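Number of protein chains: 2
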Amino acid sequence: MRQQVAKLAGVSEATVSRVLNGVGPVKEATKQRVLAAAAELGYVPNALAQQFARKKSGNLGVVLPHMAKVSLFSTYYFSEMLSGIGSEVQASGNDLLLLFREADQPRNYTALFQSQKIDALIVLGARNMELDRTALEELTQEGYPFCVLNQRFGPRGSESPFLTVDADHWSGSQEAVRHLIDIGCRRIAFINGPEQYSNSIDRREGYLSVLVQSGLPIEQPLMLTGNYSRKSGYELANQLAELIKSGQADSVFAANDRMAIGAMQGLREHGLEAGRDYALCGYDDADAARMASPQLTSVAVPFQEMGRKAASLVLGGGSIGADASRSAVLPVQLVIRESTGVQQRRSK
Amino acid sequence: MRQQVAKLAGVSEATVSRVLNGVGPVKEATKQRVLAAAAELGYVPNALAQQFARKKSGNLGVVLPHMAKVSLFSTYYFSEMLSGIGSEVQASGNDLLLLFREADQPRNYTALFQSQKIDALIVLGARNMELDRTALEELTQEGYPFCVLNQRFGPRGSESPFLTVDADHWSGSQEAVRHLIDIGCRRIAFINGPEQYSNSIDRREGYLSVLVQSGLPIEQPLMLTGNYSRKSGYELANQLAELIKSGQADSVFAANDRMAIGAMQGLREHGLEAGRDYALCGYDDADAARMASPQLTSVAVPFQEMGRKAASLVLGGGSIGADASRSAVLPVQLVIRESTGVQQRRSK
DNA sequence: GCAAAAAATGTACACGCGTACATTTTGTCA
DNA sequence: TGACAAAATGTACGCGTGTACATTTTTTGC
């Protein structure tokens, strides 16, 4: 096929290759002849042969958490990040290979590199567990380019052994809690997610630090744990209702919107309305935040940008910024809506 | 590398290949020797070379609608289908290549096959437009295995020129509208999506057919059009409010949950509550349906199963069922919740 | 125990491309 | 115009598999 193009253009196959790849010096006239010939014959290079010859698949792998039941991860989180990754991948002329992780199976990420199926890797939904840690350590050891998204290993602010793109959930939680305090809340219940996720830890620390700064007491009974699902928030509503009705709590800060909405629904069954009987703040600013009634105050996370950043880092193969830093932490932003609405609280 | 394995096992490279691929007759003893040697050396076959030699990439391509702003397609729809596709792809030992479509650019799907980047294709979010039709026609002409998901070309029930997996939105809409009539509604407003999607057409026809069957009049003013976004539903609420307050409408059937929720929110601003002042039924049964207040009656669509089916069809390369039918239509199911709650309506 | 069939293994090469290196053409300067 | 450098193009080969075909080994049937 390439041979036919070469013959039609009156050149050698090598020249065809050079023209199509824009490499090496080529006379403008021959270039046009080759392109014309290729167009006429409808020649499309065999990507498999190209990858083989170049020893590059051109694929960015993205590992997804197992999500048969969409439970732990809101689909918002997932699809937004993927969208960001996709836009960057597309811009760089690469492709995106989706890799579905089996639940609790040993990860074999290095094999993906050894087989050259992927040139780079982004890991979504990693947890701080033996299984994940060893897999990532292995990748580091071998020097393969990869990036962990929305998860940090080691303490906050510490230098990461590998590329990491995260959002500043510590500051985000601080903002959220400060906002609750600003509107008059003093006893802020907190629904967190599992601490395998650095996200959860960051939020807890942000929550606690503001309490301390503000001279408010830290009350263990106010700190609850769900699993980031709506259902878990809903189930915690019984405890929350008691806390609120007894005056032990006047507000709820949930570590994501799904749990916030679940809690909101559960509390409603106890006759408690967000924005009226208690203030409620979620996290993520998913679509669901705007769909809830009352609309949910939340912390917007730049998931798309995080995806783009991770992709660009891992495809560029470089470190972050001019320095040799291995981790990027993107800012988040509080979005105030009805569930902490001042007017509604006043009308109480 | 393979050579080293061969030497260590004391066989030829061809035998190594045979063992690893489980092809051809191999003595059990040599098989074990080869496997042991491969394990010891940590040999991982080069996927690129395999693909090249086999002339198969092992990739199933999935074309995604452009979704910079997550507007037309709920992320629920998207991630559920993808999840279904993913499970099937994984089970078949293939990989999933994500292909992001640029907005309003000519589609070049055939090139993906010609370059052998993909062995099969699933098209998500196709519309009945020139751009899409010609692209699909081209694929058909060339005989490439592909499947269109959740979209039909040509009239309902007609034989499709290519593989199609859809859900029975006609029956689903009928069920929804019948349910509304069952609970006493007589003037059912209908918010549909753009008619580029066969989904929309099916829902409209289902809606109309039940009205006719039930002897209810068809009123043009009750039929509104949005774009499947929450915002569009919200914006139509003004018209709906007027219809409801003037007694022209007593219920709303929205073609998806997002628009239903948008309408619900908009109507609330007019003092109208779903399940109390009017009945509301959505479609898709996305998570959002359960997150809304009141929880939304909706039509559950087996998105995951559709994804699995499409993947299995297109990877199997076969037709659907024993007959030569080219299209599968999966059943949907009405899920009744509070927004059409009988008890609430009674208390009106 | 021998011939023939069957099973197991080895040998050799193609797959389509990119590219190092050799060769030819073009351009430059005196 | 000739010598030489630079640009343009051609030639040849490797990349790591899978597999058709040739060859060797084992089994079978008598």
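Residue numbers (full-length UniProt numbering), protein chains in the order written: chain A, 1 to 348; chain B, 1 to 348. We put the beta carbon where it would ideally sit given N, CA and C, even for glycine. Keep in mind the model is a prediction, meaning the values are calculated, not measured.
Would you grab the beta carbon distance between Asp257 (chain B) and Leu296 (chain B) for me? Rounded to a whole angstrom, and I think it's under 8 Å. Walking along the second sequence from the start, residue 257 (chain B) turns up at place 257. Walking along the second sequence from the start, residue 296 (chain B) turns up at place 296. Contact holds; Cβ gap of about 6 Å.
Pick helix, strand or coil for Val335 (chain B), following the three-state DSSP scheme. What you label residue 335 (chain B) is simply residue 335 of the second sequence in a count that begins at 1. In the three-state scheme derived from DSSP, where H, G and I count as helix and E and B as strand, Val335 (chain B) is classed as strand.
If contact means a Cβ-Cβ distance below 8 Å, which residues of the segment 171-197 of chain A contact chain B? Residues are counted here when their Cβ sits less than 8 Å from a Cβ of chain B; for the segment 171-197 of chain A the count is zero.
Below 8 Å between beta carbons: does that hold for Arg187 (chain B) and Leu222 (chain B)? Here residue 187 (chain B) corresponds to residue number 187 of the second sequence, with the count starting at 1. Here residue 222 (chain B) corresponds to residue number 222 of the second sequence, with the count starting at 1. With contacts defined by Cβ atoms closer than 8 Å, Arg187 (chain B) and Leu222 (chain B) form a contacting pair.
Looking at Arg156 (chain B): is its Cβ nearer than 8 Å to the Cβ of Glu102 (chain B)? One-based indexing of the second sequence puts residue 156 (chain B) at position 156. One-based indexing of the second sequence puts residue 102 (chain B) at position 102. For the 8 Å CB-CB criterion, Arg156 (chain B) and Glu102 (chain B) do not form a contact.
Restricting to Cα atoms, I'd like to know which of A:Leu121, A:Ala300, A:Met129, A:Leu99 is closest to Ser198 (chain A). Numbered from its first residue, the first sequence carries residue 198 (chain A) at position 198. Considering only alpha carbons, the answer is A:Met129.
Leaving out the 5 sequence neighbours to the left and right, which residues in its chain are closer than 6 Å to Ser92 (chain B) when beta-carbon positions are compared? Residue 92 (chain B) sits at position 92 when you count from the first residue of the second sequence. Only Leu315 meet the Cβ criterion.
Are the Cβ atoms of Thr30 (chain A) and Val11 (chain A) separated by less than 8 Å? Here residue 30 (chain A) is taken as the residue at index 30 of the first sequence, counted from 1. Here residue 11 (chain A) is taken as the residue at index 11 of the first sequence, counted from 1. A contact, by the Cβ cut-off of 8 Å.
Close-in-space but distant-in-sequence residues of the same chain around Ser293 (chain A) (CB under 6 Å, 5 per side omitted): Here residue 293 (chain A) refers to the residue found at position 293 when the first sequence is read from its first residue. Once the five neighbours on either side are set aside, Ser293 (chain A) has no close Cβ partner at all.
Where the segment 29-53 of chain A meets chain B: residues whose CB sits under 7 Å from a CB there: Among the residues of the segment 29-53 of chain A, those with a Cβ less than 7 Å away from any Cβ of chain B are Val44, Pro45, Asn46, Ala47, Leu48, Ala49, Gln51, Phe52, in the order of the chain.
Any C-beta of chain A sitting closer than 8 Å to the C-beta of Ala254 (chain B)? As a working mapping, residue 254 (chain B) is identified with position 254 in the second sequence. No, its Cβ sits nowhere closer than 8 Å to a Cβ of chain A.
Quick check on Ala241 (chain A) - is its C-beta less than 8 Å from some C-beta in chain B? Position 241 of the first sequence, counted from the start, is the residue given in the question as residue 241 (chain A). Not an interface residue.
Helix, strand or coil: how does DSSP classify Ser214 (chain B) here? Position 214 of the second sequence, counting from 1, holds the residue named residue 214 (chain B). Note: Ser214 (chain B) maps to coil in three-state DSSP.
Would you please verify whether the beta carbon of Asp95 (chain A) is less than 8 Å from any beta carbon of chain B? For the purposes of this step, residue 95 (chain A) is identified with residue 95 of the first sequence, where counting begins at 1. At a cut-off of 8 Å between beta-carbon atoms, Asp95 (chain A) makes contact with chain B.
Are Tyr283 (chain A) and Ala255 (chain A) close, meaning C-beta to C-beta below 8 Å? Within the first sequence, residue 283 (chain A) is the residue found at index 283, counting from 1. Within the first sequence, residue 255 (chain A) is the residue found at index 255, counting from 1. Going by C-beta atoms, Tyr283 (chain A) is nearer than 8 Å to Ala255 (chain A).
Rounded distance between the beta-carbons of Ser173 (chain A) and residue 408 (chain A), thought under 8 Å: In the structure as shown, chain A begins at 1 and stops at 348. Residue 408 (chain A) is therefore absent and cannot be evaluated.
Quick check on DSSP: helix, strand or coil for Met264 (chain B)? Taking the second sequence and counting its residues from 1, one reaches residue 264 (chain B) at position 264. In this structure, Met264 (chain B) counts as helix in the three-state DSSP scheme.
Which chain A residues are close to Ile261 (chain B), counting only those with a beta carbon under 8 Å from its beta carbon? Counted from its first residue, the second sequence places residue 261 (chain B) at position 261. Ordered by position in chain A, the residues that pass the 8 Å Cβ test against Ile261 (chain B) are Met291.
Using a threshold of 8 Å, state whether the C-beta atoms of Val62 (chain A) and Ala37 (chain A) are closer than that. In the first sequence, residue 62 (chain A) corresponds to position 62, counting from 1. In the first sequence, residue 37 (chain A) corresponds to position 37, counting from 1. Not a contact, by the Cβ cut-off of 8 Å.
Assigned exposure category for Pro106 (chain B) - 16 Cβ within 10 Å defines buried: Sequence index remark: in the second sequence, residue 106 (chain B) carries index 106 (1-based). Burial call: exposed.
Who are the near neighbours of Glu80 (chain B) in its chain, counting only those whose CB is closer than 6 Å to its CB and skipping five residues on each side? Within the second sequence, the letter at position 80 stands for residue 80 (chain B). Within the same chain, Cβ atoms closer than 6 Å to the Cβ of Glu80 (chain B) are found at Phe303, Gln304, the five residues on either side in sequence being excluded.
Give the straight-line distance between the Cα atoms of Leu121 (chain B) and Leu20 (chain A), rounded to the nearest whole angstrom. Position 121 of the second sequence, counting from 1, holds the residue named residue 121 (chain B). Position 20 of the first sequence, counting from 1, holds the residue named residue 20 (chain A). In a straight line, the C-alpha of Leu121 (chain B) is about 26 Å away from that of Leu20 (chain A).
Quick one: is Ala322 (chain A) buried, meaning 16 or more other Cβ sit within 10 Å of its Cβ, or exposed? Taking the first residue of the first sequence as 1, we reach residue 322 (chain A) at position 322. At Ala322 (chain A), the pLDDT of 45 sits below 50, so the modelled position is not reliable; the number obtained from the coordinates is stated separately. Exposed, because fewer than 16 other Cβ atoms sit within 10 Å of the Cβ of Ala322 (chain A).
Roughly how many angstroms separate the alpha carbons of Thr225 (chain B) and Tyr278 (chain A), rounded to a whole number? For the purposes of this step, residue 225 (chain B) is identified with residue 225 of the second sequence, where counting begins at 1. For the purposes of this step, residue 278 (chain A) is identified with residue 278 of the first sequence, where counting begins at 1. Looking at the two C-alpha atoms, the distance is approximately 38 Å.
Amino acids of chain B, ordered along the chain, whose beta-carbon sits closer than 8 Å to that of Ser57 (chain A): By 1-based counting over the first sequence, the position of residue 57 (chain A) is 57. Within chain B, the residues placing a beta-carbon under 8 Å from that of Ser57 (chain A) are Ala47, Leu48, ordered along the chain.
Cβ of Leu41 (chain B) within 7 Å of any heavy atom in the ligand FAD? Judged by which ligands are present, the structure shown has none, so any question about the ligand FAD falls away.
For Gly247 (chain A), is the classification buried or exposed, using 16 other Cβ atoms within 10 angstroms of its Cβ as the cut-off for buried? Within the first sequence, the letter at position 247 stands for residue 247 (chain A). Around the C-beta of Gly247 (chain A), fewer than 16 other C-beta atoms lie within 10 Å, and the residue is accordingly described as exposed.
Kindly indicate which three-state DSSP category Asp168 (chain A) falls into: helix, strand or coil? Looking up residue 168 (chain A) in the first sequence gives position 168. For Asp168 (chain A), the secondary structure class from DSSP, reduced to helix, strand or coil, is coil.
Please work out which residues of its chain come closer than 6 Å, Cβ to Cβ, to Asp168 (chain A), disregarding the five sequence neighbours upstream and downstream, and give them in chain order. Residue 168 (chain A) sits at position 168 when you count from the first residue of the first sequence. Same-chain partners within the cutoff: Val329, Pro331, Val332.
Of all the options A:Ile261, A:Tyr76, A:Lys117, A:Tyr77, which has the alpha carbon lying nearest to the alpha carbon of Leu96 (chain B)? If you number the second sequence from 1, residue 96 (chain B) lands on position 96. Of the listed residues, the one whose Cα sits closest to Leu96 (chain B) is A:Lys117.
Would you say Ser232 (chain B) reaches chain A, if we count a Cβ-Cβ gap shorter than 8 Å as a contact? One-based indexing of the second sequence puts residue 232 (chain B) at position 232. Answer no: the Cβ-Cβ gap between Ser232 (chain B) and chain A never drops below 8 Å.
So which residues on chain A does residue 354 (chain B) lean against when the C-beta distance must stay under 8 Å? Residue numbering for chain B in the displayed model covers 1 to 348; residue 354 (chain B) lies beyond these limits and cannot be assessed.
Is any beta-carbon of chain A found at less than 8 Å from that of Ser298 (chain B)? Against the second sequence, residue 298 (chain B) aligns to sequence position 298. Not one chain A Cβ lies under 8 Å of Ser298 (chain B).
Quick check on DSSP: helix, strand or coil for Ser160 (chain A)? As a first step, residue 160 (chain A) must be located in the first sequence, where it is residue number 160. Secondary structure at Ser160 (chain A): coil, using DSSP grouped into helix, strand and coil.
Helix or strand or just coil, what does DSSP make of Leu131 (chain A)? Mapped onto the first sequence, residue 131 (chain A) falls at position 131. It is helical.
Simplified DSSP assignment, three categories, for Tyr278 (chain A): One-based indexing of the first sequence puts residue 278 (chain A) at position 278. Three-state DSSP puts Tyr278 (chain A) in a strand.
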